[in-house]
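**Q** So the sequence shown is numbered by the working numbering: it starts at 1 and just counts up by one. Every residue, glycine too, gets a C-beta built ideally from N, C-alpha and C. Below are the structure tokens for one structure; questions will follow.
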Amino acid sequence: MTSADTARTGGRPHLPGGARPAVVVSDLDGTLLDADRKVGERTRRALTAAVAGGVHLVLATARPAWSARQVLGPLRGLGASLVSSNGAVTGGLDDPRPRRVRAMAPDRVREALALLGPVPWAVDRPSGRLLGPDWPDILSSGGEGAPRVAEVPDDEEVLCLMIRHARPPSPGFLAPTGLIWTSSDAGLVEVSAPGADKRSAVSWLLAGRGLDWSAVVAFGDAPNDMALLGAAATGVAMANAASDVRSSATELTDNHDEFGVAKWLERNLL
1 MTSADTARTG GRPHLPGGAR PAVVVSDLDG TLLDADRKVG ERTRRALTAA VAGGVHLVLA
61 TARPAWSARQ VLGPLRGLGA SLVSSNGAVT GGLDDPRPRR VRAMAPDRVR EALALLGPVP
121 WAVDRPSGRL LGPDWPDILS SGGEGAPRVA EVPDDEEVLC LMIRHARPPS PGFLAPTGLI
181 WTSSDAGLVE VSAPGADKRS AVSWLLAGRG LDWSAVVAFG DAPNDMALLG AAATGVAMAN
241 AASDVRSSAT ELTDNHDEFG VAKWLERNLL
């Protein structure tokens, strides 16, 4: 962090009027998980204590639900909500049944691919992942043993289309399809249905609890977290976040591999 960044960390209060956050929303990779893509013990203790103090935990990730649950075992039993596939599926960490789904028709996905021309691609569907012919093994969520297919099949809706692209496409390149896109990592473009984004999914969860964004502290590191950080009363970016993500936040905390989320919670909630 720079000295200016450090000045934006620590201190109380963090919500309007000094209110205590009722909801903690956190991204996973590059934010909550350490460099080994695990929930560290310090992080588990801090989140457990926050929940015991009345905070509701929301875990919001680009990973599909099956992959998120593989790494979130230490947080089971906390009653956490799980937003997966960048907001396409919303439910509970401890309950595999989805409560909100925003999926794409396969023909729309093929339209999106046609707009980009030949690119490596993969898709996540409710039943699992499919890999296009040229897809490399680059995803932290795994799935390298998934079946390879020549094109997106018609037998199931798609939760997320992943495209390997050297540089981000233009903001409106998907306009003819009515779809949206974001990115959780450099060189990765993630295409979704309208409403399949982290902010929309968390808004839906908040409405179900009679809350709004004034009660939220959110943590993130990547472009797909920027809307979360901007909506929350307190948006906390990780020290390892990209510069535009840090600029969109109200506060900064330490690197994800230095228990940045846990340190913020210990300082301000526990």
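Does the beta-carbon of leucine 161 have 16 or more other beta-carbons within 10 angstroms, so that it is buried, or is it exposed?
**A** Start at 1 with the first residue of the sequence shown, and residue 161 comes out as number 161. Leucine 161 is buried by the Cβ-count criterion.
**Q** Between the alpha carbons of proline 223 and glycine 260, how many angstroms are there, rounded?
**A** To locate residue 223, count along the sequence shown from 1; it is residue 223. To locate residue 260, count along the sequence shown from 1; it is residue 260. In a straight line, the C-alpha of proline 223 is about 18 Å away from that of glycine 260.
**Q** Keeping to the same chain, check which residues put their C-beta closer than 8 Å to that of serine 81; ignore five residues upstream and five downstream.
**A** What you label residue 81 is simply residue 81 of the sequence shown in a count that begins at 1. His56, Leu57, Val58, Leu59, Thr90, Gly91, Gly92, Leu93, Leu205.
**Q** DSSP on proline 106, reduced to helix/strand/coil?
**A** For this step, residue 106 is matched to residue 106 along the sequence shown. Helix.
**Q** Name the DSSP bridge partner or partners of leucine 57?
**A** For the purposes of this step, residue 57 is taken as residue 57 along the sequence shown, with counting starting at 1. Leucine 57 is bridged to Val24.
**Q** Please list the terminal residues of the continuous alpha helix (DSSP H) segment that includes threonine 43.
**A** On the sequence shown, position 43 is the one that residue 43 refers to. Note, threonine 43: alpha helix (DSSP H), 41-52.
**Q** Which residues in the same chain as arginine 44 place their Cβ atom closer than 8 Å to its Cβ, once the five residues preceding and following it in sequence are excluded?
**A** Reading the sequence shown from its first residue, position 44 is the one you call residue 44. Only Pro74, Leu75 meet the Cβ criterion.
**Q** Smallest Cα separation from arginine 199: which of Ser243, Glu266, Asp27?
**A** What you label residue 199 is simply residue 199 of the sequence shown in a count that begins at 1. If we check each option's Cα against that of arginine 199, Asp27 comes out closest.
**Q** Tell me whether glutamate 251 is buried or exposed, calling it buried when 16 or more other Cβ atoms sit within 10 Å of its Cβ.
**A** Walking along the sequence shown from the start, residue 251 turns up at place 251. That one is buried.
**Q** Is aspartate 254 helix, strand or coil when you go by DSSP?
**A** To locate residue 254, count along the sequence shown from 1; it is residue 254. Aspartate 254: coil per DSSP, three-state reduction.
**Q** What does the Cβ neighbour count give for serine 192, buried or exposed, with the cut at 16 atoms within 10 Å?
**A** Counted from its first residue, the sequence shown places residue 192 at position 192. Counting Cβ neighbours within 10 Å, serine 192 comes out buried, since at least 16 surround it.
**Q** Considering only the alpha carbon of each residue, which of Arg100, Arg148, Gly87 lies closest to arginine 129?
**A** Taking the sequence shown and counting its residues from 1, the one referred to as residue 129 is at position 129. Answer by Cα proximity: Arg148.
**Q** What is the DSSP secondary structure of glycine 220, counted as helix, strand or coil?
**A** Residue numbering aside, residue 220 sits at position 220 when the sequence shown is read from its first letter. Correct three-state label for glycine 220: strand.
**Q** Starting from alanine 227 and walking both ways along the alpha helix (DSSP H), at which residues does that stretch end?
**A** In the sequence shown, the residue the question calls residue 227 occupies position 227. That run of the alpha helix (DSSP H) goes 226-231.
**Q** For the beta strand (DSSP E) containing glutamate 144, name the first residue and the last one.
**A** Start at 1 with the first residue of the sequence shown, and residue 144 comes out as number 144. Segment: none, glutamate 144 is in no beta strand (DSSP E) and carries neither H nor E.
**Q** Return the CA-CA distance between alanine 215 and proline 136, expressed in angstroms with no decimal places.
**A** As a working mapping, residue 215 is identified with position 215 in the sequence shown. As a working mapping, residue 136 is identified with position 136 in the sequence shown. Between alanine 215 and proline 136, the C-alpha separation is close to 41 Å.
**Q** What is the DSSP secondary structure of glutamate 284, counted as helix, strand or coil?
**A** One cannot answer for residue 284 here, as it falls past the ends of the chain, which runs 1 to 270.
**Q** Leaving aside the five residues before and after arginine 99 along the sequence, list all residues of the same chain whose C-beta is less than 7 Å from its C-beta, in chain order.
**A** Position 99 of the sequence shown, counted from the first residue, corresponds to residue 99. Here the set comprises Thr90, Gly91.
**Q** Evaluate leucine 159 with the Cβ neighbour count: other Cβ atoms within 10 Å of its Cβ, from every protein chain shown; 16 or more gives buried, anything less gives exposed.
**A** By 1-based counting over the sequence shown, the position of residue 159 is 159. The residue in question, leucine 159, is buried, as its Cβ has 16 or more Cβ neighbours within 10 Å.
**Q** Glutamate 190 and threonine 182 look like a contact to me (Cβ under 8 Å); what is the Cβ gap, rounded to whole Å?
**A** Working through the sequence shown from its first residue, we reach residue 190 at position 190. Working through the sequence shown from its first residue, we reach residue 182 at position 182. Confirmed, Cβ separation roughly 5 Å.
**Q** Hey, would you say proline 118 sits closer than 8 Å to valine 152, going by beta carbons?
**A** Along the sequence shown, one-based indexing puts residue 118 at 118. Along the sequence shown, one-based indexing puts residue 152 at 152. In this structure, valine 152 does not lie closer than 8 Å to proline 118 by Cβ.
**Q** Since I believe glycine 87 is in contact with alanine 201 (beta carbons under 8 Å), could you give me their beta-carbon distance rounded to a whole number of angstroms?
**A** As a first step, residue 201 must be located in the sequence shown, where it is residue number 201. As a first step, residue 87 must be located in the sequence shown, where it is residue number 87. That pair is a contact at about 4 Å.
**Q** Would a C-beta distance cut-off of 8 Å place glycine 187 and arginine 164 closer than the cut-off?
**A** As a working mapping, residue 187 is identified with position 187 in the sequence shown. As a working mapping, residue 164 is identified with position 164 in the sequence shown. Yes, the Cβ-Cβ distance between glycine 187 and arginine 164 is below 8 Å.
**Q** Locate the beta strand (DSSP E) running through alanine 237, then write down its first and last residues.
**A** As a first step, residue 237 is located in the sequence shown; it is residue number 237 there, counting from the start. Taken as a continuous stretch (DSSP letters only), the beta strand (DSSP E) holding alanine 237 covers 234-238.
**Q** Please list the terminal residues of the continuous alpha helix (DSSP H) segment that includes leucine 205.
**A** Reading the sequence shown from its first residue, position 205 is the one you call residue 205. Where leucine 205 is concerned, the enclosing alpha helix (DSSP H) stretches over 198-208.
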